[in-house]
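So the structure is just underneath, and the comments pick up after that.
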Amino acid sequence: MTLEHFLAQLELNRGKILGVEYYPNAYAEIDFHITEVKNCTVESVDCGGKKHQWTEVIIQLWEDPNPNREKRIMRVTKAIQILKRVQEAQYFDPRAELKIEYGNTRFHTAIQKISAMLATDQKLILQLGEVASDCKAKDVCGVEIPANTIQESCAPGSGCC
Numbered sequence: 005m006t007l008e009h010f011l012a013q014l015e016l017n018r019g020k021i022l023g024v025e026y027y028p029n030a031y032a033e034i035d036f037h038i039t040e041v042k043n044c045t046v047e048s049v050d051c052g053g054k055k056h057q058w059t060e061v062i063i064q065l066w067e068d069p070n071p072n073r074e075k076r077i078m079r080v081t082k083a084i085q086i087l088k089r090v091q092e093a094q095y096f097d098p099r100a101e102l103k104i105e106y107g108n109t110r111f112h113t114a115i116q117k118i119s120a121m122l123a124t125d126q127k128l129i130l131q132l133g134e135v136a137s138d139c140k141a142k143d144v145c146g147v148e149i150p151a152n153t154i155q156e157s158c159a160p161g162s163g164c165c
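So in the working numbering, the last spot in the sequence shown is 165, and the numbers never skip.
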């Protein structure tokens with residue numbers, strides 16, 4: 005999901021409570037805080053020697069561990085205000101891939117993608133999903149690429165019948 009798409013979805017859901025499901029059926033505290041927005045340019049070289057470059061925007065979320073804190077529910081409107089304030093101070097590429105950084109005492113801090121945004125009448129839930137690593141140079145570094153198992157035709161002895 006790009007930053008541009010994320011911001012558009014927030015605009016469509018103004019006034020709703022913003023929730024975060026960081027693991028199936030595990031939710032961030034309703035009063036989480038957006039603490040930082042990172043503008044990251046990644047420059048890498050894969051194991052095949054090919055250079056890659058891309059930009060990511062990472063929104064860091066935080067839960068106040070103080071049990072006596074005043075709970076202020078995070079609303080979509082508040083998130084929009086914070087992100088606008090951040091964008092006034094620093095340019096963020098709207099086409100950049102957006103990720104969320106989150107962790108608490110029950111879940112290790114991780115950078116995750118938004119796999120889905122679920123809107124109800126009162127809430128907008130960000131469902132976070134894992135970002136798996138991958139080899140970008142499978143063709144040159146010896147990683148076996150699974151063969152296409154789709155058969156174009158059914159011939160006698162081919163095992164399709």
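Note that the Cβ used here is the ideal one computed from N, Cα and C, for glycine as well.
Check: To the nearest angstrom, how far is it from the Cα of residue 148 to the Cα of residue 142?
Finding: Approximately 7 Å between the Cα atoms of the pair.
Note to self: Determine whether the beta carbon atoms of residue 63 and residue 40 lie at a separation below 9 Å.
What the structure shows: Here residue 63 is near residue 40, since their CB atoms are less than 9 Å apart.
Next item on the list: Indicate whether residue 101 and residue 45 have their beta-carbon atoms separated by less than 9 Å.
Entry: Taking 9 Å as the Cβ cut-off, residue 101 and residue 45 do not qualify as a contacting pair.
Next item on the list: Would you check if the distance between the CB atom of residue 7 and the CB atom of residue 61 is smaller than 9 Å?
Entry: Taking a C-beta distance under 9 Å as the contact criterion, residue 7 and residue 61 qualify as a contact pair.
Check: Which of the three DSSP states, helix, strand or coil, is assigned to residue 140?
Finding: Secondary structure of residue 140 (DSSP, three-state): coil.
Next item on the list: Please classify residue 79: does DSSP put it in a helix, a strand, or coil?
Entry: Three-state result, residue 79: strand.
Notebook entry, point to check: Run through DSSP, which three-state label would residue 88 get?
Noted result: In this structure, residue 88 counts as helix in the three-state DSSP scheme.
Notebook entry, point to check: Among the residues of its own chain, which have a CB less than 8 Å from the CB of residue 57, if the five just before and after it don't count?
Noted result: Closer than 8 Å at the Cβ level, and outside the excluded window around residue 57, lie 45, 46, 47 and 48.
Notebook entry, point to check: Smallest Cα separation from residue 67: which of 26, 120, 135 and 119?
Noted result: Minimum Cα distance to residue 67 is reached at 26.
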